[in-house]
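Visitor: One structure is given below, represented as structure tokens, and several questions about it will come after.
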Amino acid sequence: MITLQSVKTRQVDSSKKSWLTRLGIMVIAAILVESLSIIQSRRIHAIMEEEMDVRSQMVLRSMQERIGHMLDMTESTMRENLRDIKLSLHNPDSIFRAMEYLIDDNPDIVGGCICFAPYYFPEKGRLYEPYAYKDDEETIYLSQIAGEDHDYTQNPFYRKVVESGMADWSDPYLFGPDSVRSLTTYSYPVKDGSGRIVAVCGLDVDLSWMGETLNAHQHFPSSFGLVLTADGRQVAGPPPSRASAAVVERVMAQMQEDEELSSASEWVVRKVRMARDPYWQIAQVYKTDEVFAGMRRMRLQQLLFILLGLAILFFMIDRFARSEKKLRKASEQQARISGELEAARTIQKEMLPKAFPADIYGFLEPAREVGGDLFDFYRRDGKLFFCIGDVSGKGVPSAMLMSVIHSLFRMVSPHIESPSVILQRLNEQLCQGNDSNMFVTFFLGTIDYYTGHFRYANAGHDKPFLLTENVSLLPAKSNLPLGVFPNTVFEEQTLQLSPGNALFLYTDGLTEAKVEGGQAFGRSRVQASLQEALSRGMDARQTVLSMFDAAHDFLGDAAQRDDLTMLLVQYAPKDLVQDHIDLKNRAEELPRLSDFLKGVCASLALEKKLGQSLRLATEEAVVNAIKYAYPEGSEGIVSVYADSDRREIRFTIVDAGNPFDPTAAVPPDTRLDVQDRPIGGLGILLTRKIMDSVSYARKEGKNVLTLTKNIV
Amino acid sequence: MKTTVQEIDGKLVATLCGELDTAAAPEAEVALRPLLQAQGKDIVIDCTDLEYIASSGLRLLLSVLKQAQSVGSRVTLKNVNEVVRDVLDLTGFVSIFNFE
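First to last, the sequence lines map onto chains A and B. Each position in the first sequence, counted from 1, maps to that position plus 1039 in our numbering. Each position in the second sequence, counted from 1, maps to that position plus 967 in our numbering.
Printed below as a string of structure tokens:
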């Protein structure tokens, strides 16, 4: 039990181990494939980033160019108009006209002003600022906007220019508190002949278009363009429909911390800085997710495919391993079964007679390892018992039944004379518990060696051939096979054989041997082959082997499909010694018997010792018959027949008295004490001990006791 | 078949000569009757010339032995030949007789 348990555990362990190994391989494969995919996706990422760079650069450069152009145009406009302005310096009111020209000329310039140094025109007071601007409909308005509530001298751009004496671009600002219009002002110092700054001229440039232009053709839904001042404040941005102010604010806040933002963050920024004053920065902002969304999706799909592929691979490997294991198991089982079949074949062969006398030859060739055919023969009481059988079906099941029927035959037949009765006994036994409904065709015969008296009974087997001067079918009644009905009567038939006659028994494996789709070997070919053997004077062995050759020639390369069995039995008594004596049932006749027996032994030239024991055995049996067969005082005859073929001797003691079976008597116990030992029963004991077989039969109203002994 | 019984040195000596078969048994039985009156004397059965013995002969020997044992006599078989010895063997008589 412990061993079994440990074996089981080990099996479980090993299967678990192999499963783990497989899983390990799969995991390593998955990691490899995934690493490859990561490397690949990095490359793709880099390529996409490069692509984004190129695209951004194109947009940004062109924007930079346009803004630069705008700034250039504004600056050159300023320079070109400065002469007119200077000419107007003596007439404060004519300045308006100059301003009007100035802004009318340039589409980007939406307004212009000149802020005079305090009290430059004394008649105009401390502050004087002629101002012109155009609205969306290009209508130009002129006005003087300076006053105590609008003191430009406090404005940083004015002071910066006055202090530095240099032109200056202001930071962008909104046109009015409620305006969406974004402006920047180019301030330029106006100097008189002596180089003194008399006024600051400012041109207001509309910046609204920048945001619109920059965001008009964005590649991604959430990407947008920005223009920023040198220190990062917004100059122009996307319309709210593209990016909300909050988003822009957040991105700008992030940009404050990280100049370009890495691709790991939510936004990616590409920007260029203008190489000229006011050193604005133009930026393209991309939402990271959007740029790399395609790639991520692709990665995800790829991963999914890989996982699916690996799962399928795992499944296949598992299936393969399993089927391989199954295959290995099956082949081991196959080897074991074929080993066992080989053993079974040997056992079956062992059961068949192996030594054949000259007048008998048998042959059995199973179609598979084991077969359902059998044949057997043995001699008893001067008679040859022989049989052939064919179990329905082929292979192991029929082989098992064949062994059963063979054993039954060996057990049943030694006690029964009549072939018909033997078949009945076999049938009864076989019908018991024959749930598989298998049956056996069987032919059984006995030949009296000394008389040529042939008795036979058939149980559905093919009729044997009878070989006399020519070959004919033995007129055998079919009857039912064994194992069909328990009450079947197997009719017994007899035939007188002459010396030299033979019987050829076979199974249907011979007559029904055929090439696929062709004709069967058939009885006529069997008969022809036997005729040939007969005419050439072949012995038993030669006849059977020539039949085998004929069948094999007929089959050619075709496989033998059924078990093939043949048995040839020849009645060939040679050199017989036969004699008999009739005795009266009187003790006085015994010396005559002694003389008779001595004569028989002498004619067989037997050793003295053997002769004496044969004489003793026979005399004891005859004394029994004389004493007990006939009622006290009545007369009767006891006949003794002696037959021998010089290999075996048979004494047959026949009387017509009351039925008396001496073999039925219980033999005395030879181990008993002197005083306990009975005086009688010694005679039959001696007979039985001396002879090879002693059998009794009541036949035709007579007691027939047969004694046989091998004398070779 | 010739059967004689003599008394030699206080022992009864029976000599069996020839074939003790069923036909000879009744005659031999008569001849061996003196052995049944052994009265304690030991019995020797000389088988030197006994060529053959049948079951009736064995029965005779057995009845002699039974009678002798009941009166305290010893029975010894002398010079038993091979054939007779075999028969005694087959019937188990070897174990109940003394041999010399």
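Even glycine gets a Cβ: it sits at the ideal position worked out from N, Cα and C.
Put A/G1271 into one of helix, strand or coil per three-state DSSP.
Guide: If you number the first sequence from 1, residue 1271 of chain A lands on position 232. Coil, per DSSP.
Visitor: Let me see if you follow: with CB-CB separation under 7 Å, is B/V1050 close to chain A or not?
Guide: In the second sequence, the residue the question calls residue 1050 of chain B occupies position 83. With 7 Å as the cut-off, B/V1050 counts as an interface residue toward chain A.
Visitor: Taking B/T989 as the query, report the chain A residues whose CB atoms sit under 7 Å from its CB, ordered along the chain.
Guide: Start at 1 with the first residue of the second sequence, and residue 989 of chain B comes out as number 22. Within chain A, the residues near B/T989 are A1626, L1629, E1658 and V1662.
Visitor: Nearest to A/L1413 by alpha carbon, out of A/T1113, A/H1445 and A/L1141?
Guide: As a first step, residue 1413 of chain A must be located in the first sequence, where it is residue number 374. Checking every option, the nearest Cα to that of A/L1413 belongs to A/H1445.
Visitor: Would you call B/F1060 buried or exposed, if buried means 16 or more other Cβ atoms sit within 10 Å of its Cβ?
Guide: Locating residue 1060 of chain B in the second sequence gives position 93, counting from the first residue. Classification for B/F1060: buried.
Visitor: For B/L999, would you say it is in contact with chain A, using Cβ-to-Cβ distances shorter than 7 Å as the test?
Guide: By one-based count along the second sequence, residue 999 of chain B stands at place 32. Cβ-Cβ to chain A under 7 Å: no for B/L999.
Visitor: Given a limit of 7 Å on CB to CB distance, which residues of the region 1027-1046 of chain B reach chain A?
Guide: Going along the region 1027-1046 of chain B in chain order, one finds L1029, S1030, L1032, K1033 and Q1036 with a Cβ nearer than 7 Å to chain A.
Visitor: If I follow the unbroken beta strand (DSSP E) through A/N1254, where does it start and stop?
Guide: Here residue 1254 of chain A is taken as the residue at index 215 of the first sequence, counted from 1. Per DSSP, A/N1254 belongs to no beta strand (DSSP E); it is in the alpha helix (DSSP H), S1247 to A1255.
Visitor: Around the C-beta of A/I1356, are 16 or more other C-beta atoms found within 10 angstroms, so that it is buried, or is it exposed?
Guide: As a first step, residue 1356 of chain A must be located in the first sequence, where it is residue number 317. Exposed, since its Cβ has fewer than 16 Cβ neighbours within 10 Å.
Visitor: In its own chain, which residues sit with a C-beta less than 7 Å from the C-beta of A/D1752, not counting the 5 before and 5 after it?
Guide: Since the first residue of chain A shown is 1040 and the last is 1751, residue 1752 of chain A is not available in this structure.
Visitor: Which two residues bound the contiguous alpha helix (DSSP H) that contains A/T1726?
Guide: Reading the first sequence from its first residue, position 687 is the one you call residue 1726 of chain A. Segment L1721 to I1729, the alpha helix (DSSP H) holding A/T1726.
Visitor: Considering only C-alpha positions, which residue in the set A/G1740, A/F1263 and A/K1748 is nearest to A/E1329?
Guide: For this step, residue 1329 of chain A is matched to residue 290 along the first sequence. The option with the nearest alpha carbon to A/E1329 is A/F1263.
Visitor: Residue range of the beta strand (DSSP E) that A/D1592 falls in?
Guide: For this step, residue 1592 of chain A is matched to residue 553 along the first sequence. Segment A1579 to L1594 is the alpha helix (DSSP H) holding A/D1592; no beta strand (DSSP E) there.
Visitor: Count the other CB atoms, across all protein chains shown, that sit within 10 Å of the CB of A/W1306; report buried if there are 16 or more and exposed otherwise.
Guide: Residue mapping note: residue 1306 of chain A aligns to position 267 of the first sequence, counting from 1. Per the 10 Å Cβ criterion, buried.
Visitor: With C-beta atoms as the reference, is B/G1039 less than 7 Å away from B/G1007?
Guide: Start at 1 with the first residue of the second sequence, and residue 1039 of chain B comes out as number 72. Start at 1 with the first residue of the second sequence, and residue 1007 of chain B comes out as number 40. Result yes, Cβ atoms of B/G1039 and B/G1007 sit closer than 7 Å.
Visitor: What does the alpha-carbon distance come out to for the pair A/T1060 and A/A1069?
Guide: Numbered from its first residue, the first sequence carries residue 1060 of chain A at position 21. Numbered from its first residue, the first sequence carries residue 1069 of chain A at position 30. Their Cα atoms are separated by approximately 14 Å.
Visitor: Quick check on this structure: which residue in B/T971, B/P993, B/E1049 and B/I1020 has the alpha carbon closest to the alpha carbon of A/L1721?
Guide: For the purposes of this step, residue 1721 of chain A is taken as the residue at position 682 of the first sequence. Minimum Cα distance to A/L1721 is reached at B/I1020.
Visitor: Is there a Cβ from chain A that is less than 7 Å from the Cβ of B/G1059?
Guide: For this step, residue 1059 of chain B is matched to residue 92 along the second sequence. By this cut-off, B/G1059 is an interface position.
Visitor: At which residues does the beta strand (DSSP E) containing A/P1228 begin and terminate?
Guide: Along the first sequence, read from residue 1 onward, the residue named residue 1228 of chain A stands at position 189. Per DSSP, A/P1228 belongs to the beta strand (DSSP E) from S1221 to K1230.
Visitor: Can you give the Cα-Cα distance for B/E1049 and A/D1621, rounded to whole angstroms?
Guide: Looking up residue 1049 of chain B in the second sequence gives position 82. Looking up residue 1621 of chain A in the first sequence gives position 582. Distance between the alpha carbons of B/E1049 and A/D1621 is about 32 Å.
Visitor: Following the continuous alpha helix (DSSP H) through A/S1133, name the residue where it begins and the one where it ends.
Guide: Here residue 1133 of chain A is taken as the residue at index 94 of the first sequence, counted from 1. Neither: A/S1133 is in no alpha helix (DSSP H) and is coded neither H nor E.
Visitor: At 9 Å on the CB atoms, spell out the chain B contacts of A/L1645, in chain order.
Guide: Here residue 1645 of chain A is taken as the residue at index 606 of the first sequence, counted from 1. Ordered by position in chain B, no residue passes the 9 Å Cβ test against A/L1645, which lies about 13 Å from the chain.
Visitor: A/V1324 lies in the beta strand (DSSP E); which residues open and close that run?
Guide: As a position in the first sequence, residue 1324 of chain A is number 285, starting the count at 1. It spans Q1320 to K1326 - the beta strand (DSSP E) in which A/V1324 sits, taken as one unbroken run.
Visitor: Under the three-state reduction of DSSP, which class applies to B/L999: helix, strand or coil?
Guide: As a first step, residue 999 of chain B is located in the second sequence; it is residue number 32 there, counting from the start. Note: B/L999 maps to coil in three-state DSSP.
Visitor: I'd like the span of the beta strand (DSSP E) that includes A/G1151, first residue to last.
Guide: Translated into the one-based positions of the first sequence, residue 1151 of chain A becomes position 112. First-last of the beta strand (DSSP E) with A/G1151: I1148 to F1155.
Visitor: Helix, strand or coil, according to DSSP, for A/G1063 in the structure here?
Guide: Reading the first sequence from its first residue, position 24 is the one you call residue 1063 of chain A. The answer is helix: DSSP assigns A/G1063 an H, G or I state.
Visitor: Could you give the DSSP three-state label for A/D1682: helix, strand or coil?
Guide: The residue you call residue 1682 of chain A lines up with position 643 of the first sequence. Strand.
Visitor: If you drop the 5 nearest sequence neighbours on each side, which residues of the same chain put their C-beta closer than 8 Å to that of A/I1106?
Guide: Residue 1106 of chain A sits at position 67 when you count from the first residue of the first sequence. Here the set comprises M1249, V1266, M1313, W1319 and I1321.
Visitor: Using a Cβ-Cβ cut-off of 7 Å, state whether B/A1021 counts as contacting chain A.
Guide: Sequence index remark: in the second sequence, residue 1021 of chain B carries index 54 (1-based). Closer than 7 Å: yes.
Visitor: Establish whether the CB of A/T1604 and some CB of chain B are separated by less than 7 Å.
Guide: Against the first sequence, residue 1604 of chain A aligns to sequence position 565. Not one chain B Cβ lies under 7 Å of A/T1604.
Visitor: A/Q1463 versus chain B: which residues are under 9 Å apart at the beta carbon?
Guide: As a position in the first sequence, residue 1463 of chain A is number 424, starting the count at 1. The contacting residues do not exist; A/Q1463 stays about 37 Å from chain B at best.
Visitor: Can a CB atom of chain B be found closer than 7 Å to the CB of A/T1709?
Guide: Within the first sequence, residue 1709 of chain A is the residue found at index 670, counting from 1. For A/T1709, the answer is yes, since a Cβ of chain B falls inside 7 Å of its Cβ.
Visitor: When the Cα of A/Q1714 is compared with those of B/Q1004, B/A998, B/R1026 and B/V980, which residue comes out closest?
Guide: Position 675 of the first sequence holds residue 1714 of chain A. Here the closest residue by C-alpha is B/R1026.
Visitor: Please list, in chain order, all residues of the same chain as B/L987 whose beta carbon is under 8 Å from its beta carbon, the five residues on each side excluded.
Guide: The residue given as residue 987 of chain B occupies position 20 in the second sequence. Once the five neighbours on either side are set aside, the close Cβ partners of B/L987 are M968, A995, L1017, Y1019, I1020, A1021, S1023, G1024 and L1027.
Visitor: Note down, in chain order, each residue of its chain lying with its Cβ closer than 8 Å to the Cβ of A/M1477, except the 5 sequence neighbours on either side.
Guide: On the first sequence, residue 1477 of chain A is found 438 positions in, with the first residue counted as 1. Result list for A/M1477: V1430, S1431, G1432, P1436, S1437, L1440 and G1522, in chain order.
Visitor: Could you compute how far the alpha carbon of A/T1042 sits from the alpha carbon of A/R1375?
Guide: Here residue 1042 of chain A refers to the residue found at position 3 when the first sequence is read from its first residue. Here residue 1375 of chain A refers to the residue found at position 336 when the first sequence is read from its first residue. Note that A/T1042 scores a pLDDT of 44, beneath 50, so its modelled location is shaky; the value from the coordinates is reported in the next line. About 22 Å.
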